[in-house]
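Data block below; observations after.
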Amino acid sequence: MASAAADRVMAQSFPFKPNQRYPDPAVEILDPSFAKYRLYSSTLEQVATGMRWAEGPAYFPEGGYLLFSDIPNNRIMKYSEKDGSLTVFRSPANFANGNTRDRQGRLVSCEHSVTRRITRTEKNGKITVLADSFEGKRLNAPNDIVVKSDDTIWFTDPVFGIAGEWEGFKAKREQDNTNVFRIGTDGKLTAVITDLVNPNGLAFSPDEKKLYVVEWKGTPNRSIWSYDVNPDGTVSNKSKLIDAADQGSLDGFRVDRDGNLWCGWGSNGALQSEPTDVGGRKVYQLKGKPEDLDGVMVFSPQGKPLGFIRLPERCENLTFGGPKNNRLYMASCHSIYALYVDAHGAT
Numbered sequence: 003m004a005s006a007a008a009d010r011v012m013a014q015s016f017p018f019k020p021n022q023r024y025p026d027p028a029v030e031i032l033d034p035s036f037a038k039y040r041l042y043s044s045t046l047e048q049v050a051t052g053m054r055w056a057e058g059p060a061y062f063p064e065g066g067y068l069l070f071s072d073i074p075n076n077r078i079m080k081y082s083e084k085d086g087s088l089t090v091f092r093s094p095a096n097f098a099n100g101n102t103r104d105r106q107g108r109l110v111s112c113e114h115s116v117t118r119r120i121t122r123t124e125k126n127g128k129i130t131v132l133a134d135s136f137e138g139k140r141l142n143a144p145n146d147i148v149v150k151s152d153d154t155i156w157f158t159d160p161v162f163g164i165a166g167e168w169e170g171f172k173a174k175r176e177q178d179n180t181n182v183f184r185i186g187t188d189g190k191l192t193a194v195i196t197d198l199v200n201p202n203g204l205a206f207s208p209d210e211k212k213l214y215v216v217e218w219k220g221t222p223n224r225s226i227w228s229y230d231v232n233p234d235g236t237v238s239n240k241s242k243l244i245d246a247a248d249q250g251s252l253d254g255f256r257v258d259r260d261g262n263l264w265c266g267w268g269s270n271g272a273l274q275s276e277p278t279d280v281g282g283r284k285v286y287q288l289k290g291k292p293e294d295l296d297g298v299m300v301f302s303p304q305g306k307p308l309g310f311i312r313l314p315e316r317c318e319n320l321t322f323g324g325p326k327n328n329r330l331y332m333a334s335c336h337s338i339y340a341l342y343v344d345a346h347g348a349t
């Protein structure tokens, strides 16, 4: 029944033909140091399609499955590695965006419209609300989330889920800032970063001494900022690590055990300053071609571009999974793609 339900609300489904030759030309080496992460006989796979906007992948090794959000369809989907099935895990899902797995193997989600809260799904299926307001005012639209090894929960709170009618319902913003929050083990909610314009993806370095956060707007380009993480749960020493330039997009990302950043990439929709003639019409073209930008960009811990995984769709977010934690799952608009790599996700 779940599979049938998934089929009934499918959006755009696209065929995908894997590359026949090894090594897969979709994996581009921008720096020789990236060659060691490419598995010579691994190829890009499309494991699921039919979503309207796939986001927030989280892998659960105990069950061998991936959970991810299909935001406009207001559902969380489940892809099983065991039998390749795609089913609806939760619907409605309060337009959930980012998801992660906590240290006890529970799903933690950012419900970024309607409820505008952080929830945890207990092992018995019960939903526990972890945060829904700050200083007496509702959260904006929780977006992406990560759990630190000390069980504190960190999440971003931009306005995307309440800014229009596509990823939720348009609603009044109550928070003065778009913050990065920390939920302590005592349940206390603290705004640890308050000066970013619509923070988006976030992740820790492998030793958790650094916190990386995407700023969606206001720098003027999309950027990843680096912060030192202090023992008391505060952050300091803000510095720009990566600038996506005026045509590139940064959204969600993950860090591997060597500290490299694997970043969802694509066109940010920026237009040329002057129109060009297209079939007799003056059209404002994109600054960069999506077919050249769509994929995953990999950066060193110092922010140097190392590699690029070319995808047929813009990649919003990704995670490492598989039995050996070396299968890269990429949530990309309508589809989920997977690629085995010789890198492992930092835990």
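Each residue of the sequence shown is one higher than the one before, counting from 3 in our numbering.
The C-beta atom is built at its ideal place from N, Cα and C for all residues, glycine as well.
Supposed contact pair GLU210 and SER151 - C-beta distance, whole angstroms, cut 8 angstroms: 6 angstroms
Test item: CB-CB of TYR339 and TYR61 under 8 angstroms: no
Limits of the unbroken alpha helix (DSSP H) element including ASP294: 292 to 295
Proximity winner among VAL116, ASP253 and LEU68, relative to ALA173 (alpha-carbon distances): VAL116
GLN48 to ASN21 span [Cα, whole Å]: 11 angstroms
Cβ shell of LYS19 (< 8 angstroms), same chain only, five flanking positions each side left out: none
Proximity below 8 angstroms, CB of PRO208 to CB of ALA348: yes
TYR81, buried or exposed, once every other Cβ within 10 Å from all chains shown has been counted against 16: buried
Host beta strand (DSSP E) of PRO201 (start-end): 201 to 206
Closest Cα partner of THR89 within the set ARG54, PRO74, ASN96 and LEU69: LEU69
Residues sharing a beta bridge with THR102, DSSP: VAL110
Range covered by the beta strand (DSSP E) that runs through THR89: 88 to 92
Beta-carbon contacts of ALA247 that lie in its chain and below 8 angstroms, excluding the five residues immediately before and after: ASN223
Candidates ALA333, THR130, GLY170 and CYS265, of which the one nearest PRO94 by Cα: GLY170
For GLY52, the nearest candidate out of ARG40, GLY323, ASP153 and ILE73 (CA to CA): ILE73
Reduced DSSP category for LYS125 - H, G, I as helix; E, B as strand; rest coil: coil
Residue environment, LEU263, which counts as buried when at least 16 other CB atoms sit within 10 Å: buried
Backbone CA spacing between GLY2 and LEU288 [nearest angstrom]: The requested residue 2 does not occur in the structure, where the chain is confined to residues 3 to 349.
For GLY323: DSSP bridge partner residues: ARG329
Residue environment, GLY309, which counts as buried when at least 16 other CB atoms sit within 10 Å: buried
Cβ pair VAL199, THR180 closer than 8 angstroms: yes
Residue from GLU30, PHE36 and PRO34 with nearest C-alpha to LEU46: GLU30
Residue burial classification, PHE101 (beta-carbon count within 10 angstroms, cutoff 16): Sequence inspection shows Asn at residue 101; the Phe mentioned does not correspond to that position. By the 10 Å Cβ count, ASN101 comes out buried.
CB-CB length for ASN99 against SER71, believed under 8 angstroms: 6 angstroms
Three-way DSSP call (helix, strand, coil) for SER15 in this model: coil
Cβ-based burial, VAL280 [other Cβ within 10 Å; buried from 16]: exposed
Segment limits, beta strand (DSSP E) that includes PRO59: 47 to 62
GLY254 vs GLY203 beta-carbon contact at 8 angstroms: yes
Cross-strand partners of GLY282 (DSSP beta bridge): The partner list for GLY282 (beta bridge, DSSP) is empty, contrary to what the question assumes.
Coil, strand or helix - ASN145 by DSSP: coil
First through last residue of the beta strand (DSSP E) which encompasses SER71: 67 to 72
Cβ shell of GLU167 (< 7 angstroms), same chain only, five flanking positions each side left out: none
Close-in-space but distant-in-sequence residues of the same chain around GLU83 (CB under 6 angstroms, 5 per side omitted): GLY66
DSSP bridge partner residues for ILE1 (one or two, in chain order): With the chain covering 3 to 349 only, the question about residue 1 has no answer from this structure.
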